Each structure stands twice: as structure tokens, then as C-alpha cells.
Amino acid sequence: MRKFKVIYDREACVGAGACTVVCEKFWKMNDDGKADLIGGAPNNEIIIGEEDLPCNQQAADSCPVDAIRIEEIPE
Ligand code: SF4
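Just so we're aligned, residue 13 is where the sequence shown starts under my numbering, counting upward by one.
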């Protein structure tokens, strides 16, 4: 099965919250006004399967500052 890496540039986040609306399974707002990638500690990266790609792709596409990147992991 294809695997993907979700890479989050938390520094770049401006707290627009779009990611948390379209993909609440993986994204939530923190008290500091920025989004958190759930399970992304300590380096704000997670590995996901194909089933979780659409949700995270929507999050990436909706982010106004392109803080969310998704790369396919070569097999
Ligand atoms: S959509 Fe982008 S800027 Fe908005 S909260 Fe999510 S990561 Fe931050």
C-alpha cells in the first residue's frame, strides 16, 4: 500500500483554521492560535496510508500559507 509523509511547517501557520475544518481527524487548533498535527510530535511529521490522504490533501489545499506538504514515500 502506498504511504505518504505529511510535513507541517508550524512556524508558517497563521491560524486560519481551515485544516481543522476539513480534516479534524488529524488537525486541531492549539491555545497558542496555531494548528497542531495530531501525532506529529516532535518534528511535525506523520506517516499516513492512502486512506488518510484525501483528508490531509484537502487540509494542504485549504491552507492559505502552504504550511502543509504531502510527499509520497517511495516503496
Ligand atoms: S490551514 Fe494552514 S494556516 Fe490555517 S491553521 Fe491550518 S496550517 Fe495553520
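Note that beta-carbon positions come from the ideal geometry of N, C-alpha and C, so glycine has one too. All values derive from a computational prediction rather than experimental measurement.
- Just measuring C-alpha positions, the residue of Val77, Ala28, Leu49 sitting nearest Lys17 is Leu49.
- Asp48: member of the beta strand (DSSP E) spanning 47-49, first to last residue.
- Cβ-Cβ distances below 8 Å link Val33 to Ser74 in the same chain, with the five nearest sequence neighbours on each side left out; the list follows chain order.
- The beta carbon of Val18 sits no closer than 7 Å to any heavy atom of ligand 1.
- Counting along the chain, the unbroken alpha helix (DSSP H) around Val34 starts and ends at 30-34.
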